[in-house]
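Chains as they are written, first to last, in the working numbering: chain W, -16 to 295; chain R, 5 to 311.
Take a look at the structure:
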């Protein structure tokens, strides 16, 4: 184990080169629905148990199955109502298990990025060859079923190894050059995109994805009341919108069809989406669109600024 | 270091679920269901009556909401008993006031121990469901099938005897099951089980010993989950239940019949400071003329009559 994997240098939030989003937007806003498949009886990983009870673990499995059977259509309709195209963090085996969902999202021109094969298969304990094979499989599966060259990664169940980000960048390059594998959602250190150092030297960034606004963290870990989640989302947005005057910020709402789409939580989520999208200077986009815009316009300036400040 | 190569093999990566218990379909892709009299939302209210033994064995895990202190844990033992002797009567009062027909899921051991309570519930002219033997007899993965067969059989047959009712429904203690539970329920002619919470409508569940239905009894809005697990306030609980009800009613209006299922525990919401929240929820629900508020069996029979 290492003290730090050195993906990024320290880079203070103040006095950075100014980011200007298209049409003068202050906040680039994206919603990342995690569309996940959990196995009822997955193989055991030596470092993390998939379910708390012996098979069959109905409680955890059932509500996640609910997300696909019932929740998905609710969230999709809601995002559509507010003109939001989802950027899907996808358990890619869902392409085989539930192709109906993939088809509906494809029709709406949503983005698909890799969230591993199943959310019950963790990266912990994989050697490099295994993790590379798993990541290649995920990018290839997305391409085969959607025609998209996977730009982003969120490790399955946020399970990482020391080389996860390197392997994702390399797998993207191997399959599609610079068109795939150029952003990660696995790092939570910033409210703006930032360069990430990967082994093959590729232009690669971290996209703000926000664990704090992630509905599963909010509801299942922090056990927040639904209306309070709505309030948190609005406050989070208000601050990033105000700061976006100085330099463009990014707000992401990571969601799950088995959390926000439950009948007792839809109202608070809808109110927050209505509030956010009713502001004029918001760029409603996908993860890939924001990442590409940043790479084309601000990545080089960021690298220079970071290097300069390391010397200071 | 590497994982066993089977960790990267996916033998069930194919269309549908990764098991054969029930068919995959999205709720919106199924034929529209119409409840009697053109009512939009079927409302099922269930009251759960439980016996938590003092000498809890914790097999294979600690019984949720059971004893937590060294033996004898009188605080939890008596606080759970509170529901059966005090709390339930506040709930019955509220049901009467708002003209609610609740079903009653009861541990068979409790029905046997407290004939007064069982007889009182039977006077409600509603439906009794079997809630297993008691809260310290969990059904669990790895349980010996003969042991579980005897447990299911004893719980169901004894409750049928005591209640004189058909006892068509089953709710496992802690909604926990083994891989055989559903087949054993089918063996005992149970028509529906409330443990699988993955839908907002009933659906067919297949076992080698016959088929039965799942009647999903929502966990997410039940008192125990919201108040005891999430530690939300009573006010927030009432708000969440009402938000869920309003949402499902609206969805039912647009997409066809839906099921709203609310589970209540007298030891929890039968407390003096919580009963007004139950009344608030019931007042809201029962003021709608678009709902069909009946027993679980009535809902299931109407559903099966259309599919």
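We put the CB at the ideal spot given by N, CA and C, even for glycine.
{"Query": "Any chain B beta carbon closer than 8 Å to residue 155 of chain R", "Result": "Chain labels in this structure do not include chain B; the protein chains are W and R."}
{"Query": "Chain-order list of residues whose beta-carbon lies under 8 Å from that of residue 190 of chain R (same chain, five-residue window excluded)", "Result": "211, 213, 214, 215 and 216"}
{"Query": "Helix, strand or coil at residue 217 of chain R according to DSSP, with G and I counted as helix", "Result": "strand"}
{"Query": "Residue 252 of chain R at chain W interface by Cβ criterion, 8 Å", "Result": "yes"}
{"Query": "Residue 218 of chain W, DSSP secondary structure in three states", "Result": "helix"}
{"Query": "Cβ neighbours of residue 289 of chain W in the same chain (closer than 6 Å, five flanking residues each side left out)", "Result": "-8 and -6"}
{"Query": "Status (buried if at least 16 other CB within 10 Å, exposed otherwise) for residue 36 of chain W", "Result": "buried"}
{"Query": "Between the CA atoms of residue 72 of chain W and residue 11 of chain R - distance to the nearest angstrom", "Result": "21 Å"}
{"Query": "Residues in the region 44 to 78 of chain R having any Cβ partner in chain W nearer than 8 Å", "Result": "64 and 65"}
{"Query": "Unbroken alpha helix (DSSP H) run spanning residue 58 of chain W, endpoints", "Result": "55 to 64"}
{"Query": "Touch test, the region 150 to 168 of chain R against the region 186 to 205 of chain R, Cβ-Cβ under 8 Å, three pairs minimum", "Result": "yes"}
{"Query": "Enclosing alpha helix (DSSP H) for residue 280 of chain W [first to last residue]", "Result": "270 to 280"}
{"Query": "Beta-carbon separation (whole angstroms), residue 89 of chain W vs residue 129 of chain W, contact threshold 8 Å", "Result": "5 Å"}
{"Query": "Extent of the continuous beta strand (DSSP E) run through residue 14 of chain W", "Result": "10 to 18"}
{"Query": "Reference residue 234 of chain W; option with closest CA among W:179, W:-16, W:284 and W:171", "Result": "W:171"}
{"Query": "Range of the contiguous alpha helix (DSSP H) that encloses residue 113 of chain W", "Result": "111 to 129"}
{"Query": "Sequence-distant residues of its chain with Cβ nearer than 6 Å to residue 226 of chain R (five each side left out)", "Result": "267"}
{"Query": "Chain W contact for residue 28 of chain R (CB, 8 Å cutoff)", "Result": "yes"}
{"Query": "Residues near residue 269 of chain W by beta carbon distance below 7 Å, same chain, minus five either side", "Result": "13, 68, 70 and 94"}
{"Query": "Residue 262 of chain R, enclosing alpha helix (DSSP H) - first and last residue", "Result": "Taken as a continuous stretch (DSSP letters only), residue 262 of chain R belongs to no alpha helix (DSSP H), being part of the beta strand (DSSP E) at 262 to 268."}
{"Query": "Whole-number beta carbon distance between residue 7 of chain R and residue 108 of chain W, since they are thought to touch under 8 Å", "Result": "5 Å"}
{"Query": "Endpoints, the alpha helix (DSSP H) within which residue 3 of chain R is located", "Result": "A question about residue 3 of chain R goes unanswered here, because the residues of chain R that appear run from 5 up to 311."}
{"Query": "Min CB distance residue 132 of chain R to chain W below 8 Å", "Result": "no"}
{"Query": "Residue-level contact to chain R via CB, residue 108 of chain W, 8 Å cutoff", "Result": "yes"}
{"Query": "Beta-carbon spacing of residue 270 of chain R, residue 69 of chain R below 8 Å", "Result": "no"}
{"Query": "Proximity below 8 Å, CB of residue 180 of chain R to CB of residue 55 of chain R", "Result": "no"}
{"Query": "Beta-carbon contacts of residue 150 of chain W that lie in its chain and below 7 Å, excluding the five residues immediately before and after", "Result": "111, 114, 115 and 118"}
{"Query": "Per-residue contacts from residue 12 of chain R into chain W (C-beta, under 9 Å)", "Result": "100, 104, 109, 113, 116, 117 and 120"}
{"Query": "Cut-off 7 Å between Cβ atoms - residues of its own chain near residue 159 of chain R, not counting five sequence neighbours on either side", "Result": "112, 134, 136 and 137"}
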